[in-house]
Structures are given as structure tokens and as C-alpha cells.
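J.: A single structure is presented below for examination.
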Amino acid sequence: MGNEQSIEHMSDVMSRFTSYIGKRLPTDVKKKQAELRKKEKNPMAIEIYDTMAENQEAADKLDRPSCQDTGVIQYFLKVGAKFPLIGELEEILRAATLGATERGPLRHNAVETFDEKNTGTNTGSNIPWLDWEILPNEDTAEIEVYMAGGGCTLPGHAKVLMPGQGYEGVADFVFDVITSRGVNACPPLLVGVGVSTSVETAARLSKKAILRPVDTSNPNANAALMEELLEEGLNEVGIGPQGLTGDNTVMGVNIESSARHPSTIGVAVSTGCWAHRRGTIKFNADLSYEIISHEGVTL
Amino acid sequence: MKKILTTPITDEALADLNVGDIVYLTGHLVTCRDVAHRRLIELKQQLPVDVRGGAIFHAGPIVREKDDGSFEMVSIGPTTSMRMEKFERQFIEETGVKMIIGKGGMGEETAAGCLENNAVHAVFPGGCAVVAATKVEAIEAAEWRDLGMPETLWVNRVKEFGPLIISIDTKGNNIFEENKKTFNERKGAILERIHEKVKFIK
């Protein structure tokens with residue numbers, strides 16, 4: 001393939017993939033919801049879980065976005081410095097967003113800040129949002145597409161605690177965010193917690209945390225324990241699907257962390273709604289690709 | 300048996316509804332969210348659709364415009380109702396709307412507005428936008444299109460639109476406010492237990 005053909009090919013794959021993830025949930029999320037439905041005993045909660053399942057079937061059958069809020073498109077990139085199209089990725093993902101907007105169709109969600117004009121294309125200043133991680137000696141590109149609605153973005157919160165508040169303060173913060181603001185965010189939620197040094201490092205990690213599959217654990221034993229305690233504890237609060245009470249609150253709690261300054265504990269929470277629309281695709285240098293998040297997909 | 304409300308909704312139809320009841324709606328349902336509320340209340344602009352006795356939906360749908368200029372409803376789920384809390388009491392008062400449909404709870408002011416004007420707030424399960432779209436028979440009008448797709452007032456003719464879970468009834472009961480109290484009560488004891496196990500700083 002020539003360079004232009006390569007760009008066109010990758011744009012087309014990414015456009016189809018972006019559109020696809022708005023319609024079908026990732027395999028881990030689907031599995032988790034079936035589990036939660038099975039455990040549920042509250043009749044209103046069961047009715048809601050069943051409507052959710054009916055909705056996913058209808059979205060699949062009618063080939064439509066499962067939630068009307070298809071978000072402002074975000075791409076999280078782990079790109080090898082030797083990936084042949086590294087310099088063209090921004091252009092490729094912009095084209096992919098435009099393509100998915102027509103193909104989906106996606107709701108027009110990009111509003112130019114301060115000008116307060118909807119661009120009508122889902123592209124705009126710095127949108128689609130690109131979060132870059134460069135891997136020095138690789139030639140592959142792993143791209144995560146994330147489509148978050150306004151509802152599950154609204155609870156987002158970050159704060160810097162004093163060391164005296166300790167990890168106890170981290171737990172308090174997570175509970176406060178979820179019980180006060182998570183109710184409206186379409187639970188059962190996937191809760192992402194970043195524990196780090198400052199607001200922006202914690203916030204970025206909290207987002208990375210909800211990109212991690214639902215049933216994975218942090219490799220650090222203390223962090224994994226905290227994930228477990230927070231998950232059990234939040235479930236015990238019993239917020240239930242749509243915040244209308246039930247036997248559970250969350251699909252899971254994922255924590256990501258970095259080393260921190262001794263005087264600060266930065267903590268942030270990001271939430272993913274039950275309709276957690278994320279997808280992972282990995283390209284090789286020859287642009288052959290593999291879809292990691294969804295089993296049995298043909299684009 | 301399904302309880303079905305039809306627009307225009309009468310006071311009698313709402314009188315015996317309680318929080319937690321599940322109902323369906325047949326008739327007209329108009330999408331109405333942040334900017335429409337702001338325009339009516341703050342900017343004193345008249346709403347371009349008469350919703351007296353009607354129902355509004357806190358929702359910004361995906362709509363496909365066909366070649367003949369007509370519209371197809373693709374996907375329409377509820378948005379967070381709490382965003383409209385600032386305006387809703389006055390909105391109910393001024394427009395005479397009887398049913399507000401959205402997602403999540405609304406606050407004390409909206410509950411007061413429902414009590415004063417015999418109106419209700421109901422929840423349609425969030426994220427279930429395709430189920431909702433299949434209950435839309437037609438889009439009959441689109442007003443304030445300058446606001447863009449999510450904020451346009453889409454006038455939908457709907458059939459047995461639901462499930463709608465009553466979250467604020469005409470007596471002013473508010474299921475989410477009650478739940479919030481329960482959640483906060485439970486939280487304290489759970490956190491105390493967690494604190495003991497996460498004293499990693501020693």
C-alpha cells in the first residue's frame with residue numbers, strides 16, 4: 001500500500017470501529033451485566049436490567065447506537081515510535097470521527113466552548129480528544145475508543161488530599177462522589193480511581209482505570225485489596241440500576257496509580273455507565289489488526 | 300396490566316400515582332433540555348411548542364433527516380434531569396406541563412413544583428435509547444433547530460412509551476431524595492470498616 005492508501009485504509013477501519021462500539025458493548029461488560037442481573041432480587045431493578053438487555057438486542061438488530069448520547073469521541077493511543085503512520089494518526093482519527101458520525105449515525109456533540117456553537121460534525125478544537133502514550137521500541141498502535149455520555153462524565157471529580165487523610169481519605173472521597181453524584185450516571189457503574197500526586201495525574205489515571213477490563217485487578221496487592229473493599233462496600237450501599245436501589249451499585253472498581261509526592265495524595269474518580277462503550281483495536285506495522293475488546297467482530 | 304397515560308394528561312389520571320409506580324405514555328412527547336429551559340426562564344422567550352397538559356422529555360436524540368425533509372428517530376434515551384433542576388419549578392408553573400421524563404432524580408424545587416401544579420417526574424431507564432426510539436411513531440415537528448441536534452425541541456408522537464418509573468408524584472414525594480438518605484445512612488458503617496483495612500501509611 002502507498003502512503004495515501006494506507007491512510008485511507010486505516011481511517012476507514014477506525015471509522016467502522018468507532019461506529020461499531022457505539023452499538024455493541026465490550027464482551028467483559030456484557031458478561032458482568034448478565035451476572036448482576038442474575039444476582040438481583042429487587043423487582044424494579046430486574047425490570048430495569050431486562051429493559052437494558054432488550055435495548056442491546058434492539059440496537060444490535062436495528063444496527064443503531066444503543067445510547068443516544070454517543071459522547072465526544074476520545075481516543076487513547078499506545079503507539080510505537082516506529083509505527084509507520086504515527087505522524088498521520090491525528091488526521092486519520094479525525095477522518096474516522098467524521099466517518100463514524102455519518103455511518104453511526106452519532107449524535108452531534110461537539111460544541112465549541114465560548115462560541116457555544118455545535119459544529120455538527122463531532123469534530124472541533126482538540127476533538128476528537130487524543131491521549132498519547134509513545135512506546136519507544138515498538139511498531140504497533142493500540143487504540144482505545146471511548147464514547148462517554150454526559151451523564152457518566154458529570155460525576156468526575158479530582159482533589160488533592162493531605163497525607164494525614166491517608167487511604168482512608170481516598171475511600172471517603174470515592175464514596176462521596178458515587179453516593180452523591182453517581183446516582184444519575186446510569187449505574188451499575190464502572191468506577192475508575194486514580195491515586196497519584198496531583199489533580200491532573202490522578203484524573204488521567206482514573207480515566208485509564210475505566211479503560212481496563214471490568215474483572216481485572218491492580219497488580220499491587222494493597223491496591224487490589226482496596227479495589228475489592230471499595231467494590232464490596234459500594235455494592236452494599238445498594239444504589240441499584242439507575243439509582244433506584246438494588247442489590248448492587250457497581251460493575252467494578254479499578255484503581256490506577258503512580259508514585260506521589262510525600263506531601264500529597266492526588267485522587268480522582270471517573271465513572272463509566274452501564275452502557276460502557278469502549279473498544280480496543282491493535283494495528284500491526286502492516287496495518288493488519290486485531291479487535292481485543294469485543295469477541296467475534298467483523299467490521 | 301399496563302397503566303397507560305394519554306396526552307393531554309388530566310389531574311385525575313395522575314392523582315392515584317405514587318413513586319415507584321410504572322406507567323407508559325401514549326400521545327405527544329416533546330424533547331426539552333438545558334437551553335430550552337434557559338430560554339424560557341432566563342431569556343423570557345416563549346416556548347415554540349404548547350406543552351400544556353403534555354409531557355416533556357429531558358433528552359437529546361439522534362435523528363436522521365431523510366431526503367424528503369422528514370425525520371427518523373434513531374436513538375432517544377433520557378439525559379440527567381438534575382441539570383434542569385434550577386429551572387423546572389418555574390417551567391412547570393409557566394407551561395402547565397404535566398409529566399417530566401428524564402433520568403436520575405430531581406431536587407426539592409421540582410418536587411415543590413409538582414406538588415403545586417399536579418405534575419409528576421418519571422424515569423425512563425438511561426441508556427435504553429433504541430427501546431425508546433421504537434416507541435416513537437413519528438416526529439411531527441422540530442423547533443429551535445438553531446440549537447443543534449441534541450437541544451432541538453423534537454415533537455414526537457409516541458405509543459406506549461415506557462417503562463416510566465414515577466420518581467416524584469403529585470403529593471411531592473421524591474423517591475431519589477428518600478433513597479439518598481438511605482444511601483448516606485449505610486455509608487458511614489461501611490467506610491469505618493474499610494478505614495481499618497487501608498491504613499497503608501504507617
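Chains as they are written, first to last, in the working numbering: chain V, 1 to 299; chain F, 300 to 501.
Yeah, the Cβ is synthetic: ideal placement off N, Cα and C, and Gly gets one too.
#1: Rank V:ASP247, V:ASN55, V:ASN137 and V:THR249 by C-alpha distance to the C-alpha of V:ASP81 and give the top, closest one.
#2: Reducing DSSP to helix, strand and coil, say where V:GLN33 ends up.
#3: For F:VAL435, which residues does DSSP report across the bridge?
#4: Counting only beta-carbon separations shorter than 9 Å, does F:GLU407 have a partner in chain V?
#5: Which residue wins for smallest C-alpha separation from V:HIS261, given the options V:ASN218, V:GLU232, V:VAL160 and V:PRO128?
#6: When DSSP labels each residue in this structure, what does F:GLN345 get in the three-state scheme?
#7: I need the straight-line Cα distance from F:GLU407 to V:ASN248, nearest angstrom please.
#8: Helix, strand or coil: which one does DSSP assign to F:HIS327?
#9: Candidates V:THR101, V:GLY99 and V:GLY124: which alpha carbon is nearest V:ALA110's?
#10: Can you list, in chain order, the residues of its chain whose CB lies under 7 Å from that of V:ASN55, leaving out five sequence neighbours each side?
#11: Along the segment 356-377 of chain F, what residues have a CB closer than 8 Å to any CB found in chain V?
#12: Can you find the residues in the same chain that come closer than 6 Å, C-beta to C-beta, to V:MET148, ignoring five residues on each side of it along the sequence?
#13: Let me check understanding here. Comparing Cα to Cα, which of V:ILE73, V:TRP132, V:ARG94 and V:GLU116 lies closest to V:LEU106?
#14: What is the rounded straight-line gap between the Cα of F:ASN478 and the Cα of F:ALA418?
#15: Would you say F:ARG485 reaches chain V, if we count a Cβ-Cβ gap shorter than 9 Å as a contact?
#16: Kindly indicate if chain F contains any beta-carbon less than 9 Å away from that of V:PRO65.
#17: Name the residue from V:PRO241, V:LYS32 and V:PRO128 whose alpha carbon lies nearest to the alpha carbon of V:TYR49.
#18: Alpha carbon to alpha carbon, what distance is there between V:SER19 and V:ARG103?
#19: Rounding to the nearest angstrom, what Cα-Cα distance links V:THR264 and V:LEU77 in this structure?
#20: Considering only their Cβ atoms, is the gap separating V:LEU205 from V:GLU256 smaller than 9 Å?
#21: Below 8 Å on the Cβ atoms is my guess for F:MET383 versus F:GLY403; work out the distance and round it to an integer in Å.
#22: Is there contact between the segment 266-274 of chain V and the segment 118-134 of chain V, where contact requires at least three CB pairs shorter than 8 Å?
#23: Going by DSSP in three states, V:LYS68 sits in which element: helix, strand or coil?
#24: Indicate whether at least one CB of chain V lies closer than 9 Å to the CB of F:GLU442.
#25: Which residue spans inside the segment 178-260 of chain V form an unbroken beta strand (DSSP E) run of at least 3?
#26: Check each candidate in F:LEU463, F:LEU339, F:ASP320 and F:VAL497 and name the one with the smallest Cα separation from F:CYS427.
#27: Consider the Cβ of V:ASP69: report whether some Cβ of chain F lies at a distance smaller than 9 Å.
#28: Kindly indicate which three-state DSSP category F:GLU415 falls into: helix, strand or coil?
#29: Beta-carbon within less than 7 Å of V:SER258's beta-carbon, same chain only, minus the 5 sequence neighbours each way: which residues are those?
#30: Return the CA-CA distance between V:ASP69 and V:GLY150, expressed in angstroms with no decimal places.
#31: For the candidate residues V:ASN126, V:VAL253, V:LEU130 and V:THR51, whose alpha-carbon lies nearest to that of V:ALA34?
#32: Does F:ALA305 come out as helix, strand or coil in the three-state DSSP assignment?
#33: Use the C-beta contact count for F:ARG332: other C-beta atoms within 10 angstroms, 16 or more gives buried, fewer gives exposed.
#34: Quick one: does V:MET147 have its CB under 9 Å from some CB of chain F?
#35: Does the distance from the C-beta atom of F:ILE467 to that of F:MET405 stay below 9 Å?
#36: What residues in the segment 235-258 of chain V have a beta carbon less than 8 Å from any beta carbon of chain F?
T.: Once the coordinates are examined:
#1: Rather than Asp, the amino acid found at residue 81 of chain V in this sequence is Ala. Residue V:ASN137 is the option with its Cα nearest to V:ALA81.
#2: DSSP places V:GLN33 in helix when its eight states are reduced to three.
#3: The secondary-structure analysis by DSSP pairs F:VAL435 across a beta bridge with F:VAL457.
#4: Among the residues facing chain V, F:GLU407 is not included, as its CB has no counterpart in that chain under 9 Å away.
#5: Nearest C-alpha to V:HIS261: V:VAL160.
#6: Coil.
#7: Take the alpha-carbon of F:GLU407 and the one of V:ASN248: they are about 26 Å apart.
#8: Strand at F:HIS327.
#9: Nearest C-alpha to V:ALA110 among V:THR101, V:GLY99 and V:GLY124: V:GLY124.
#10: The residues SER66, in chain order, have a CB closer than 7 Å to that of V:ASN55 in the same chain once the five nearest residues on each side in sequence are set aside.
#11: Under the 8 Å Cβ criterion, the segment 356-377 of chain F contributes ALA358, GLY359, PRO360, ILE361, ARG363, VAL373, SER374, ILE375 and GLY376.
#12: The sequence given here places Ala at residue 148 of chain V; Met does not occur at that position. Excluding residues within five positions, the ones whose Cβ falls inside 6 Å are GLY71.
#13: For V:LEU106, the closest alpha carbon among the candidates V:ILE73, V:TRP132, V:ARG94 and V:GLU116 is that of V:ILE73.
#14: The alpha-carbon of F:ASN478 is positioned some 21 Å away from that of F:ALA418.
#15: Interface residue, yes.
#16: Answer yes: the Cβ-Cβ gap between V:PRO65 and chain F drops below 9 Å somewhere.
#17: Of the listed residues, the one whose Cα sits closest to V:TYR49 is V:PRO241.
#18: Their Cα atoms are separated by approximately 7 Å.
#19: If you draw a straight line from the Cα of V:THR264 to the Cα of V:LEU77, it is about 28 Å long.
#20: Yes.
#21: No, F:MET383 and F:GLY403 are not in contact; Cβ-Cβ is about 11 Å, not under 8 Å.
#22: No: fewer than three Cβ pairs fall under 8 Å.
#23: The sequence as given places Gln at residue 68 of chain V; Lys does not occur at that position. In the displayed model, V:GLN68 falls within coil according to three-state DSSP, outside both helix and strand.
#24: No Cβ of chain V is located within less than 9 Å of the beta carbon of F:GLU442.
#25: If you keep only unbroken beta strand (DSSP E) runs of at least 3 residues inside the segment 178-260 of chain V, you get 189-196 and 250-257.
#26: Considering only alpha carbons, the answer is F:LEU463.
#27: In terms of beta-carbon proximity, V:ASP69 lines the interface with chain F, with at least one pair separated by less than 9 Å.
#28: Looking at F:GLU415 - three-state DSSP - the assignment turns out to be helix.
#29: Setting aside the 5 residues that flank it on each side, V:SER258 is surrounded in the same chain by SER196, THR197, THR201 and LEU205, each with a C-beta closer than 7 Å to its C-beta; the list follows chain order.
#30: If I take the Cα positions, the gap works out to 7 Å.
#31: Relative to the Cα of V:ALA34, the nearest Cα in the group V:ASN126, V:VAL253, V:LEU130 and V:THR51 belongs to V:THR51.
#32: In the sequence as displayed, the identity of residue 305 of chain F is Thr instead of Ala. Three-state DSSP puts F:THR305 in a strand.
#33: Taking all protein chains in view, the Cβ of F:ARG332 is crowded by 16 or more other Cβ atoms within 10 Å, so the residue is classified as buried.
#34: With 9 Å as the cut-off, V:MET147 does not count as an interface residue toward chain F.
#35: Annotated as proximal: F:ILE467 and F:MET405, with beta-carbon spacing under 9 Å.
#36: From the segment 235-258 of chain V, only GLU236, VAL237, GLY238, ILE239, PRO241, GLN242, GLY243, LEU244 and THR245 have a Cβ closer than 8 Å to chain F.
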